[in-house]
Amino acid sequence: GGVQLAITDYYRSS
Amino acid sequence: MFELRLVQGSLLKRVIDAIKDLVNDANFDCSSTGFSLQAMDSSHVALVALLLRSEGFEHFRCDRTFSMGMSIANMAKMLKCASNDDIITIKADDGTDTVTFMFESPSQDKISDIEMKLMDIDSDHLGIPDAEYEAIVRMPSTEFGSICTSLSTIGDTVTIAVSKQGVTFSTKGDIGSGNITCRQNSSTEKPEEATIIEMKEPVVLTFALKYITTFTKATSLSSQVTISLSSDMPVVVEYKIAEMGHIRYYLAPKIEE
Numbered sequence: 001g002g003v004q005l006a007i008t009d010y011y012r013s014s
Numbered sequence: 015m016f017e018l019r020l021v022q023g024s025l026l027k028r029v030i031d032a033i034k035d036l037v038n039d040a041n042f043d044c045s046s047t048g049f050s051l052q053a054m055d056s057s058h059v060a061l062v063a064l065l066l067r068s069e070g071f072e073h074f075r076c077d078r079t080f081s082m083g084m085s086i087a088n089m090a091k092m093l094k095c096a097s098n099d100d101i102i103t104i105k106a107d108d109g110t111d112t113v114t115f116m117f118e119s120p121s122q123d124k125i126s127d128i129e130m131k132l133m134d135i136d137s138d139h140l141g142i143p144d145a146e147y148e149a150i151v152r153m154p155s156t157e158f159g160s161i162c163t164s165l166s167t168i169g170d171t172v173t174i175a176v177s178k179q180g181v182t183f184s185t186k187g188d189i190g191s192g193n194i195t196c197r198q199n200s201s202t203e204k205p206e207e208a209t210i211i212e213m214k215e216p217v218v219l220t221f222a223l224k225y226i227t228t229f230t231k232a233t234s235l236s237s238q239v240t241i242s243l244s245s246d247m248p249v250v251v252e253y254k255i256a257e258m259g260h261i262r263y264y265l266a267p268k269i270e271e
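Top to bottom, those sequences are chains A and B. Going by this note's numbering, the first sequence opens with residue 1, and the numbers climb by one from there. Going by this note's numbering, the second sequence opens with residue 15, and the numbers climb by one from there.
Here's what the structure looks like:
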């Protein structure tokens, strides 16, 4: 259950 | 010119084993600092960051900073040609599209030269800011591995809850549910068997077990694992690599619909 978030929702391209 | 020599060749084999189920292709960044990698899994849910510092190698030469794109699966195949006690040398020249692995037996009576094709890989490098975490759990890596394996036979997700009482890993599935609590235990004479919980705030987060279980492939690299948690943030699961660096896995949480 639940929605899987992405790592790119938290960290941006540097 | 890039050349590194690692007497403990099995370490590189274990590092690649710890990455290969998560990442298909990755750019290895070579600089005077060391040999590093940052890569996401194909669904961009998890990220792995590896650092092997130059001081940890018996020989390390890197004339200029560059990246080598490699298929992790192919690298694992090439490393199968190395015995666990072999010394590994990795060499690449500027402008070439191949990398050479040399495996030497400790008695120098067998030398294997393996050439592997490099790849052009488009990959985003993510900026990961230094963060203060609300809870940090240090525990034996084998313990963490066996908890994840046990829970994944029951359910697909693990909820990690850190409180003053300890850290609880829980799951729920069609056949039932389970939870395992580890309490702080710093009195042990062996530091590698200790469980230490630093908590500023209680934290409860849920993660997909299939990713966490993949991270535990790094268990052989370190006797302890560090799990850093903050509400609404990716978890960081870190295995230190003695004298050399670390492998860190970042995983985005699951949230209620």
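Even for Gly, the Cβ is constructed at its ideal location relative to N, Cα and C. Being a predicted model, the structure only gives us computed values, none of them experimental.
Do B/L61 and B/A260 have their beta-carbon atoms positioned less than 8 Å apart in this structure? For the purposes of this step, residue 260 of chain B is taken as residue 246 along the second sequence, with counting starting at 1. For the purposes of this step, residue 61 of chain B is taken as residue 47 along the second sequence, with counting starting at 1. Here the sequence assigns His to residue 260 of chain B, which means Ala is not the residue at that position. Against a cut-off of 8 Å, the Cβ pair of B/L61 and B/H260 comes out as no contact.
Taking buried to mean at least 16 other C-beta atoms within 10 Å of its own C-beta, is B/M89 buried or exposed? Position 75 of the second sequence holds residue 89 of chain B. Under this definition B/M89 is a buried residue.
Where do the N-terminal and C-terminal ends of the alpha helix (DSSP H) with A/Y20 fall, by residue? Past the boundaries of the shown model lies residue 20 of chain A; chain A is included only from 1 to 14, so the question cannot be answered.
Taking only three categories from DSSP, how would you classify B/T156? Taking the first residue of the second sequence as position 1, residue 156 of chain B is located at position 142. Three-state DSSP puts B/T156 in a helix.
Which partner residues of B/A63 appear in the DSSP bridge assignment? Along the second sequence, read from residue 1 onward, the residue named residue 63 of chain B stands at position 49. Answer is B/Q52, B/R262, bridged to B/A63.
Listing by chain order, which chain A residues have their CB less than 7 Å from the CB of B/K224? Position 210 of the second sequence, counted from the first residue, corresponds to residue 224 of chain B. Going along chain A, no residue has its Cβ under 7 Å from B/K224, so there is no contact; the nearest lies around 10 Å.
Anything in the region 136-162 of chain B with a Cβ closer than 9 Å to a Cβ of chain A? List those residues in chain order, please. Taking 9 Å as the Cβ-Cβ cut-off against chain A, the residues of the region 136-162 of chain B that qualify are D138, H139, L140, G141, I142, P143.
Who are the near neighbours of B/R152 in its chain, counting only those whose CB is closer than 6 Å to its CB and skipping five residues on each side? Your numbering for residue 152 of chain B matches position 138 in the second sequence. Answer for B/R152: I210, Q238, T240, listed in chain order.
Looking at the unbroken alpha helix (DSSP H) that takes in B/N88, where does it start and where does it end? One-based indexing of the second sequence puts residue 88 of chain B at position 74. Note, B/N88: alpha helix (DSSP H), 86-93.
Per DSSP, what kind of secondary structure is B/A149 in: helix, strand or coil? Mapped onto the second sequence, residue 149 of chain B falls at position 135. DSSP places B/A149 in strand when its eight states are reduced to three.
Length of the line joining the Cα atoms of B/S177 and B/S245: Position 163 of the second sequence, counted from the start, is the residue given in the question as residue 177 of chain B. Position 231 of the second sequence, counted from the start, is the residue given in the question as residue 245 of chain B. About 13 Å.
Coarse secondary structure for B/I161, derived from DSSP in three states: Stepping through the second sequence from its first residue, residue 161 of chain B is reached at position 147. Three-state DSSP puts B/I161 in a helix.
If we require 3 or more residues per run, which beta strand (DSSP E) segments fall completely within the region 97-143 of chain B? 101-106, 112-118, 125-131
Step through the CB atoms of chain A and report whether any lies within less than 8 Å of the CB of B/I174. Residue numbering aside, residue 174 of chain B sits at position 160 when the second sequence is read from its first letter. Not an interface residue.
Rounded to a whole number of angstroms, what is the C-alpha to C-alpha distance between B/D134 and B/N38? Taking the second sequence and counting its residues from 1, one reaches residue 134 of chain B at position 120. Taking the second sequence and counting its residues from 1, one reaches residue 38 of chain B at position 24. About 13 Å.
Report the rounded CA-to-CA distance for B/G192 versus A/D9, giving the unit in angstroms. Numbered from its first residue, the second sequence carries residue 192 of chain B at position 178. Numbered from its first residue, the first sequence carries residue 9 of chain A at position 9. Computed Cα separation, rounded: 30 Å.
Just how far apart, CA to CA, sit B/S68 and B/C76? Translated into positions along the second sequence, residue 68 of chain B becomes position 54. Translated into positions along the second sequence, residue 76 of chain B becomes position 62. About 9 Å.
According to DSSP, is B/K224 helix, strand or coil? Position 210 of the second sequence, counted from the start, is the residue given in the question as residue 224 of chain B. It is helical.
Could you tell me which uninterrupted beta strand (DSSP E) segments, each at least 3 residues in length, are contained entirely in the region 184-216 of chain B, listed from first to last along the chain? 190-196, 210-213
Rounded to the nearest angstrom, what separates B/A232 and B/D108 at their Cα positions? The residue you call residue 232 of chain B lines up with position 218 of the second sequence. The residue you call residue 108 of chain B lines up with position 94 of the second sequence. C-alpha separation (whole angstroms): 31 Å.
Just tell me which of B/A96, B/S97, B/R262 has its CA closest to the CA of B/S50. As a working note, residue 50 of chain B is residue 36 in the second sequence. Ranking B/A96, B/S97, B/R262 by Cα distance to B/S50 puts B/R262 first.
Hey, B/S242 and B/Y147 are a contact pair by Cβ (cut 8 Å); roughly how many whole angstroms apart? Numbered from 1 along the second sequence, position 228 holds the residue referred to as residue 242 of chain B. Numbered from 1 along the second sequence, position 133 holds the residue referred to as residue 147 of chain B. About 4 Å separates the two Cβ atoms, so the contact holds.
If you draw a straight line from the C-alpha of B/D127 to the C-alpha of B/F117, how long is it? Sequence index remark: in the second sequence, residue 127 of chain B carries index 113 (1-based). Sequence index remark: in the second sequence, residue 117 of chain B carries index 103 (1-based). For the pair B/D127 and B/F117, the Cα-to-Cα distance works out to about 7 Å.
Let me know the secondary structure DSSP gives B/D31 once reduced to three states. What you label residue 31 of chain B is simply residue 17 of the second sequence in a count that begins at 1. Here DSSP, grouped into helix, strand and coil, assigns B/D31 to helix.
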